[in-house]
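Chemist: Start counting the sequence shown at 0; every next residue gets the next number (numbering that gives the first Met the number 0). Built from N, CA and C at the ideal position, the CB exists for glycine as well.
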Amino acid sequence: MANYIPVPRDLTRVKTKIIFNLTKRQILCFGVGALMGVPVFFLLKRFGNVSFASLIMMMIMLPMFFLGTYEKHGQPLEVIAKHFIETKFIRPKERPYRTDNYYAVLMRQAWAEEEVQRIVFSEKRKETGRSKRHFSVGKFDKE
Numbered sequence: 000m001a002n003y004i005p006v007p008r009d010l011t012r013v014k015t016k017i018i019f020n021l022t023k024r025q026i027l028c029f030g031v032g033a034l035m036g037v038p039v040f041f042l043l044k045r046f047g048n049v050s051f052a053s054l055i056m057m058m059i060m061l062p063m064f065f066l067g068t069y070e071k072h073g074q075p076l077e078v079i080a081k082h083f084i085e086t087k088f089i090r091p092k093e094r095p096y097r098t099d100n101y102y103a104v105l106m107r108q109a110w111a112e113e114e115v116q117r118i119v120f121s122e123k124r125k126e127t128g129r130s131k132r133h134f135s136v137g138k139f140d141k142e
């Protein structure tokens, strides 16, 4: 019998592994977690119990491990948290669905064009009226 290797159908979900079968993101998050947790462990180990120090170290490192590994629908944890905060606290609670009525847009455009025509024609009438009055006074009156 031949050995089979499972190949995922969607190759965009395949992530490049660097070392220890971890992605760049995981390595970075685990490194930051270790940089925060290990010094705390050694500081607390001096003053207290080792099990207490290791418990506090795990509590400090766990959020960074979670940031590095958790992913839902292809989105990392901070993107999910950002969307959650926006929907719960920043955006208004009621967001009614609004459509842009194309016919209303056409009506507004037609009204605006009519308004422009009215203004232009009224200005032309005023100009022609003024010019007649202007030419009716003075040397043209004698004719």
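#1: Indicate whether glycine 67 and cysteine 28 have their beta-carbon atoms separated by less than 7 Å.
#2: By the three-class DSSP mapping on this structure, what secondary structure does isoleucine 79 have?
#3: Based on the DSSP secondary-structure assignment, which residues constitute the bridge partners of glutamine 74?
#4: Please state whether DSSP places isoleucine 118 in a helix, a strand or coil.
#5: Can you look up isoleucine 26 in the DSSP assignment and give me helix, strand or coil?
Modeler: This is what the structure holds:
#1: Yes.
#2: In this structure, isoleucine 79 counts as helix in the three-state DSSP scheme.
#3: According to DSSP, glutamine 74 bridges with Lys71.
#4: Three-state result, isoleucine 118: helix.
#5: The answer is helix: DSSP assigns isoleucine 26 an H, G or I state.
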